[in-house]
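Enquirer:
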Amino acid sequence: MAKVLYAASISLDGFMAGPGGDMSWLTPYLGPNPQVSELIPRIGSLLVGRRTFDGDDPHKGDEGEGKAFGGGWEGPQYVVTHRLPDQNLPDITFVDDFASALHQAKEAAGDKYVNVLGASMGRQCLEAGELDEIFVCIVPLLLGDGVPFYPQLGTIKLERLSQTGTESGTNLWFRVG
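Remember, the working numbering sits 1356 above the position in the sequence shown when you count from 1.
1. Report yes if the C-beta distance between Leu1404 and Leu1473 is below 9 Å; otherwise report no.
2. Any contact between the segment 1381 to 1390 and the segment 1456 to 1463? By contact I mean 3 or more CB pairs, one from each, below 8 Å.
3. With respect to the alpha helix (DSSP H) encompassing Lys1513, which residues constitute its N-terminal and C-terminal limits?
4. If we call anything under 9 Å between Cβ atoms a contact, is Val1436 one with Phe1454?
5. Beta carbon of Val1503, beta carbon of Leu1382: below 9 Å?
6. Identify, in the order they occur along the chain, each residue of the same chain with its Cβ nearer than 6 Å to the Cβ of Arg1516, setting aside the five sequence neighbours on each side.
7. Give the C-beta separation of Leu1528 and Gly1374 to the nearest angstrom, bearing in mind that I take them to be a contact with Cβ-Cβ under 8 Å.
8. Sorted by chain position, which residues of the same chain lie with C-beta nearer than 8 Å to Asp1467's C-beta, five sequence neighbours on each side aside?
9. What whole-angstrom Cβ distance do Tyr1434 and Leu1402 have, given they're in contact under 8 Å?
10. What residue from Arg1439, Ala1484, Tyr1385 has the CA that sits closest to Arg1407's CA?
11. Taking the continuous alpha helix (DSSP H) assigned at Ser1393, which residues delimit it?
12. How long is the line joining the alpha carbons of Ser1393 and Gly1521, rounded to whole angstroms?
13. Can you round the beta-carbon distance between Leu1368 and Leu1497 to whole angstroms, since I take them to be within the 8 Å contact cut?
14. What residues are listed by DSSP as bridge partners for Phe1425?
15. To the nearest angstrom, how far is it from the Cα of Tyr1451 to the Cα of Asn1444?
16. State buried or exposed for Gly1533, treating a residue as buried only when at least 16 other CB atoms are found within 10 Å of its CB.
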């Protein structure tokens, strides 16, 4: 059965995007990360918030622009939105209900991870009791403002599964308690 994983790179002060959703700050830190390379083939589907889907891309201007993990992953994506598009896109399903999108993403993932993208999706998964694990790469940078990784949450107990480091940052992997 699929596990639900919220994975993101964040600044040391806890922001996953800069003001206005700016992701250009992340581009210099997209270097090799063995733990991310090991994770990507274990992802079976993506659950994506609409703002994240429409948002800024740290791969802007290179061949990975507009592709999941800069082109390192392909597969089914479920975008939660109240603004359904007129046209269909390959491997992308737009769903107007969080619970339905999560259910579809879990089915599509099989025994792999549903990788959650976007602060709102991460929060909704946690609030629904559906988040199994969190993987975060803490980048050595202070943004000072932007989109927080987890806005307005109470205390949540986590169990650390691993901690590794690269030149690009510190990787922390947790099980949600």
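Backbone N, C-alpha and C define an ideal beta-carbon position, used for all residues, glycine too. If you're wondering where the values come from, they're calculated on a predicted model, not measured in any experiment.
Expert: Well, looking at it:
1. By 1-based counting over the sequence shown, the position of residue 1404 is 48. By 1-based counting over the sequence shown, the position of residue 1473 is 117. The residue you asked about is not Leu; residue 1404 is Val in the sequence shown. Yes, they are a contact pair.
2. no
3. Indexing the sequence shown from 1 puts residue 1513 at position 157. Per DSSP, Lys1513 belongs to no alpha helix (DSSP H) and is neither H nor E.
4. Translated into positions along the sequence shown, residue 1436 becomes position 80. Translated into positions along the sequence shown, residue 1454 becomes position 98. Against a cut-off of 9 Å, the Cβ pair of Phe1454 and Val1436 comes out as a contact.
5. Taking the sequence shown and counting its residues from 1, one reaches residue 1503 at position 147. Taking the sequence shown and counting its residues from 1, one reaches residue 1382 at position 26. In this structure, Leu1382 does not lie closer than 9 Å to Val1503 by Cβ.
6. In the sequence shown, counting from the first residue as 1, residue 1516 sits at position 160. Hits under 6 Å: Phe1530.
7. As a position in the sequence shown, residue 1528 is number 172, starting the count at 1. As a position in the sequence shown, residue 1374 is number 18, starting the count at 1. Leu1528 to Gly1374, Cβ: 21 Å. No contact.
8. For this step, residue 1467 is matched to residue 111 along the sequence shown. So the list reads Met1357, Ala1358, Gly1400, once near-sequence residues are dropped.
9. Numbered from 1 along the sequence shown, position 78 holds the residue referred to as residue 1434. Numbered from 1 along the sequence shown, position 46 holds the residue referred to as residue 1402. Confirmed, about 7 Å.
10. Sequence index remark: in the sequence shown, residue 1407 carries index 51 (1-based). That would be Arg1439, whose Cα lies nearest to the Cα of Arg1407.
11. For the purposes of this step, residue 1393 is taken as residue 37 along the sequence shown, with counting starting at 1. Note, Ser1393: alpha helix (DSSP H), 1390 to 1395.
12. The sequence position of residue 1393 within the sequence shown is 37, counting from 1. The sequence position of residue 1521 within the sequence shown is 165, counting from 1. For Ser1393 and Gly1521, the distance between alpha carbons rounds to 14 Å.
13. Position 12 of the sequence shown, counted from the start, is the residue given in the question as residue 1368. Position 141 of the sequence shown, counted from the start, is the residue given in the question as residue 1497. Contact flag correct, Cβ pair sits at about 6 Å.
14. As a first step, residue 1425 must be located in the sequence shown, where it is residue number 69. Answer is none; Phe1425 lacks a bridge partner.
15. Locating residue 1451 in the sequence shown gives position 95, where the first residue counts as 1. Locating residue 1444 in the sequence shown gives position 88, where the first residue counts as 1. What sits at residue 1451 in the sequence shown is Val, not Tyr. If I take the Cα positions, the gap works out to 12 Å.
16. For the purposes of this step, residue 1533 is taken as residue 177 along the sequence shown, with counting starting at 1. With fewer than 16 other Cβ atoms within 10 Å, it is exposed.
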